[in-house]
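Just so you know, we're using my numbering here: the sequence shown kicks off at 566 and counts up by one.
For reference, the structure discussed in these notes is given below.
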Amino acid sequence: MEQLLSVLIGVLVASSVYLMLARNLLRFLFGLILLSNAANLTIFVAGRLTPGAPPLVPDGLDAPIGDVANALPQALVLTAIVIGFGLFAFALILAFRAYQSLGTLNTDEMRVAEPKEN
Numbered sequence: 566m567e568q569l570l571s572v573l574i575g576v577l578v579a580s581s582v583y584l585m586l587a588r589n590l591l592r593f594l595f596g597l598i599l600l601s602n603a604a605n606l607t608i609f610v611a612g613r614l615t616p617g618a619p620p621l622v623p624d625g626l627d628a629p630i631g632d633v634a635n636a637l638p639q640a641l642v643l644t645a646i647v648i649g650f651g652l653f654a655f656a657l658i659l660a661f662r663a664y665q666s667l668g669t670l671n672t673d674e675m676r677v678a679e680p681k682e683n
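Shown next as structure tokens:
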């Protein structure tokens, strides 16, 4: 299962790099989201996939009983998902405002401060 997820991470990173190299701002944002998902999946796989029980500590004990799942990668991925969603929402609003102001999403044509090349 971990080998399949490793291949999936590689495909996500490759497709995100392809999208981020495009000259379209919206494709860049979608590539950024794919890269964020690949990083989240990498953290999740690095925590080892176990069919263990949830990491709950029973009353009166100091540690969980038996084989339990690692809660740290799950907490890190959940935090990264929330931060990634906030970043995507902010970047999407910036792209929308740029489209309203400039009339294009092509990054080569978004030259407000730079003079045009002859």
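Think of the CB as a built atom: it goes at the ideal place given N, C-alpha and C, for glycine as much as any other residue.
{"Item": "Identify whether residue 671 lies in helix, strand or coil by the three-state DSSP scheme.", "Value": "strand"}
{"Item": "Around the C-beta of residue 618, are 16 or more other C-beta atoms found within 10 angstroms, so that it is buried, or is it exposed?", "Value": "exposed"}
{"Item": "Could you give the residue range of the alpha helix (DSSP H) that holds residue 592?", "Value": "590-611"}
{"Item": "Could you give the residue range of the alpha helix (DSSP H) that holds residue 682?", "Value": "Segment: none, residue 682 is in no alpha helix (DSSP H) and carries neither H nor E."}
{"Item": "Give the range of the alpha helix (DSSP H) segment to which residue 574 is assigned.", "Value": "567-585"}
{"Item": "Under a Cβ-count criterion, where at least 16 other Cβ atoms within 10 Å of its own Cβ denotes burial, should residue 599 be classed as buried or exposed?", "Value": "buried"}
{"Item": "Does residue 671 pass the burial test, meaning 16 or more other C-beta atoms within 10 Å, or should it be called exposed?", "Value": "exposed"}
{"Item": "Determine the DSSP secondary structure at residue 647, reduced to helix, strand or coil.", "Value": "helix"}
{"Item": "Just list the residues that DSSP pairs residue 618 with in beta bridges.", "Value": "633"}
{"Item": "Suppose you measure from the CA of residue 613 to the CA of residue 586; what does that come to, to the nearest Å?", "Value": "32 Å"}
{"Item": "How should residue 625 be labelled, buried or exposed, when 16 other C-beta atoms within 10 angstroms of its C-beta is the threshold for buried?", "Value": "exposed"}
{"Item": "What number of angstroms, rounded off, separates the C-alpha of residue 582 from the C-alpha of residue 594?", "Value": "11 Å"}
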